[in-house]
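Protein chains in written order, with this note's numbering: chain A, 137 to 453; chain B, 9 to 285.
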């Protein structure tokens with residue numbers, strides 16, 4: 137069962153649902169239930185999204201995933217076979233939430249610590265000290281210690297000598313939670329071309345390289361191609377950049393860029409970085425964001441296959 | 009108001025006009041723009057009344073006279089003109105599918121916005137308008153595969169920009185889709201339509217051409233290039249009229265909103281300013 141609370145939009149829902157689908161597809165005996173607590177979207181919107189997402193899945197997977205929406209006037213459920221006792225479910229969830237809900241412990245601070253640890257793992261940096269994680273993530277010692285303990289409990293991390301830690305292997309469970317909530321944790325800022333012309337991503341890219349504002353780095357597909365020369369995608373659907381600092385350069389970059397808050401097809405997405413150390417990789421032109429930010433960008437674009445390929449590439453490098 | 013297929017008209021011009029005359033004219037105006045962007049416009053016909061052609065060399069009465077008399081001799085016929093003296097507007101022989109209107113290339117140094125040169129044809133006196141900034145259309149003129157020369161979008165844009173240093177009050181003589189429209193709104197709206205169709209990087213490449221043309225024709229007026237457009241941006245009513253004209257002109261069917269067109273204008277102003285700094 138996966139529990140989602142504080143869902144910001146359709147992307148969080150889609151991400152969680154497809155993660156569950158992947159897990160269910162791994163074993164024909166598995167079933168899953170997605171429980172949403174007081175979502176910010178209307179039930180009708182959720183139901184439409186539910187129906188359209190399931191239509192994309194194999195039938196053998198789709199009918200083994202259920203959905204429950206709680207926290208509205210009338211709870212709604214598409215249970216996995218049979219009848220569902222809402223009151224019993226809510227009692228169970230109430231107990232679960234009070235004790236330890238996996239999603240409610242995924243705080244923004246945990247997120248930053250987790251990403252720093254993952255970057256070091258991808259870069260084959262070896263064991264790192266808690267002090268270094270503190271400095272790079274901008275977190276306090278208790279926050280780092282709590283995050284480390286959580287990962288350790290899941291056997292995703294091991295402690296080494298001299299108060300150093302290292303991921304044991306790719307942290308699949310935590311990664312699944314993180315990507316499901318990535319959009320609400322990262323809070324990307326999306327821009328469309330306000331002229332209504334077909335977006336010219338490459339022209340924007342050239343201009344950004346010319347302006348070279350400080351504090352930014354390529355993310356998304358551009359960064360993925362830096363990490364994997366055989367990155368499997370034709371074209372570049374949009375530009376993703378990581379950014380420390382303010383976004384004053386946007387107007388100079390293109391006065392026609394307009395921020396959108398709902399659904400749409402942005403030409404530029406800015407991912408504000410909330411930690412002191414950006415961990416960018418230097419190149420001859422603009423720097424490139426770290427592999428974890430890059431993977432999260434790919435997930436946000438629903439380039440799941442490409443994201444998995446890149447994880448394999450980075451893991452095996 | 010006619011609807012003309014730009015490719016078809018260019019082919020007709022090639023066939024209907026004697027080859028020896030081809031080097032003496034340039035197609036300008038909405039037909040030239042529609043031809044240049046025919047792929048982006050997906051071959052749509054455009055609302056235009058005629059094929060405006062500019063006769064070269066500049067201010068040459070003889071050239072206009074010889075060309076018009078030659079065409080009349082070949083069977084081209086006058087189209088009625090309400091002006092006095094009438095303008096030279098000619099239908100091809102045995103057809104009223106389109107007509108050409110003679111415009112004169114101004115002499116360098118012409119200071120008035122518009123002069124009329126009198127041309128004596130075999131059947132009477134006629135007038136050929138010479139607009140002050142029309143000379144720019146001769147700079148960097150493009151050529152269709154049939155060999156017909158036409159004005160580059162960059163130069164048509166520059167000519168329209170320089171023609172209007174402010175929004176002004178002059179209105180079009182005829183209504184556009186039932187509305188009375190400011191002359192400046194129509195012409196500056198055309199600039200924005202050309203910019204929208206061209207794309208930002210292409211528009212940025214216009215600036216070198218503008219600088220070269222300004223050095224040659226109007227060296228002291230570089231700072232005035234976007235004055236009218238800035239004035240238009242500050243006048244919501246005039247801007248709305250500009251947008252309105254594009255909906256029935258070059259951008260018909262493209263569903264470009266007023267807000268989007270405004271973004272194009274802001275982009276153009278910002279990029280031009282940046283190019284000057």
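Backbone N, C-alpha and C define an ideal beta-carbon position, used for all residues, glycine too.
Keep in mind the model is a prediction, meaning the values are calculated, not measured.
Assignment of residue 265 of chain A by DSSP, reduced to helix, strand and coil, places it in the strand class. Residue environment for residue 271 of chain B: buried (at least 16 other C-beta atoms within 10 angstroms of its C-beta).
Put simply, the CB of residue 355 of chain A is far from chain B, with every gap to its CB atoms at 8 Å or more.
DSSP places residue 26 of chain B in the coil class of the three-state scheme, outside both helix and strand. With respect to the C-alpha of residue 300 of chain A, the residue from A/429, A/270, A/290, A/275 having the closest C-alpha is A/270. No Cβ-Cβ contact shorter than 8 Å links residue 232 of chain B with residue 163 of chain B. Rounded to the nearest angstrom, the gap between the Cα atoms of residue 145 of chain A and residue 140 of chain B is 57 Å. Counting only runs of 3 or more residues that sit fully inside the stretch 114–166 of chain B, the beta strand (DSSP E) segments are 122–129, 132–139, in chain order. Shown in chain order are the members of the stretch 188–210 of chain B whose Cβ falls below 7 Å from a Cβ of chain A: 204, 207, 208, 209. In the DSSP assignment, residue 408 of chain A forms a beta bridge with A/379. In the three-state DSSP reduction, residue 354 of chain A falls in the strand class (E or B). The way I'd put it, the stretch 337–355 of chain A doesn't touch the stretch 307–326 of chain A; fewer than three beta-carbon pairs between them come closer than 8 Å.
Restricted to the stretch 327–353 of chain A, the alpha helix (DSSP H) segments that are unbroken, complete and at least 4 residues in length are 337–347, listed in chain order.
Taking 8 Å as the cut-off, the beta carbon of residue 145 of chain B is found no closer than this to the beta carbon of residue 61 of chain B.
Check the Cα spacing between residue 394 of chain A and each of A/406, A/329, A/423, A/169: the tightest is with A/329.
Neighbours of residue 50 of chain B in chain A, taken as residues at a C-beta separation under 8 Å, are lacking, since the least C-beta distance is about 13 Å. Between the alpha carbons of residue 382 of chain A and residue 347 of chain A lies a distance of about 15 Å. For residue 296 of chain A, the uninterrupted beta strand (DSSP E) segment begins and ends at 293–296. Per the DSSP secondary-structure output, residue 260 of chain B pairs with nothing in a beta bridge. Beta bridge pairing from DSSP links residue 62 of chain B with B/34, B/111.
Taking all protein chains shown into account, residue 363 of chain A has 16 or more neighbouring C-beta atoms within 10 Å of its C-beta and is therefore buried. In this structure, the alpha-carbon of residue 447 of chain A lies about 8 Å from that of residue 431 of chain A. Exclusion of the five residues before and after residue 21 of chain B leaves 156 as the residues of its chain whose Cβ lies within less than 6 Å of its Cβ. In this structure residue 434 of chain A is buried. Its beta-carbon is surrounded by 16 or more other beta-carbon atoms within 10 angstroms. Note: residue 394 of chain A is bridge-paired with A/328 in the DSSP secondary-structure output. At a cut-off of 8 Å between C-beta atoms, residue 233 of chain B does not count as an interface residue with respect to chain A. Judged by DSSP in its simplified three-state form, residue 181 of chain B adopts coil rather than helix or strand.
Cα atoms of residue 291 of chain A and residue 253 of chain A: separation of roughly 14 Å, rounded to the nearest angstrom. Taking the Cα of residue 288 of chain A as reference, the smallest distance to any Cα among A/303, A/196, A/321, A/350 is reached at A/303. The closest CA to that of residue 167 of chain B, considering only B/202, B/154, B/135, B/26, is found on B/202.
For the set A/352, A/154, A/327, the Cα lying nearest the Cα of residue 170 of chain A is the one of A/154. Checking the DSSP bridge columns, you'll see residue 168 of chain A partnered with A/201.
Boundaries around residue 302 of chain A are those of the beta strand (DSSP E), 300–303, since no alpha helix (DSSP H) includes it.
Residue 444 of chain A and residue 240 of chain B have their C-alpha atoms spaced approximately 52 Å apart.
Within 10 angstroms of the beta-carbon of residue 352 of chain A lie 16 or more other beta-carbons, which makes it buried. Membership of residue 435 of chain A in the alpha helix (DSSP H) is indicated by the continuous run 427–436.
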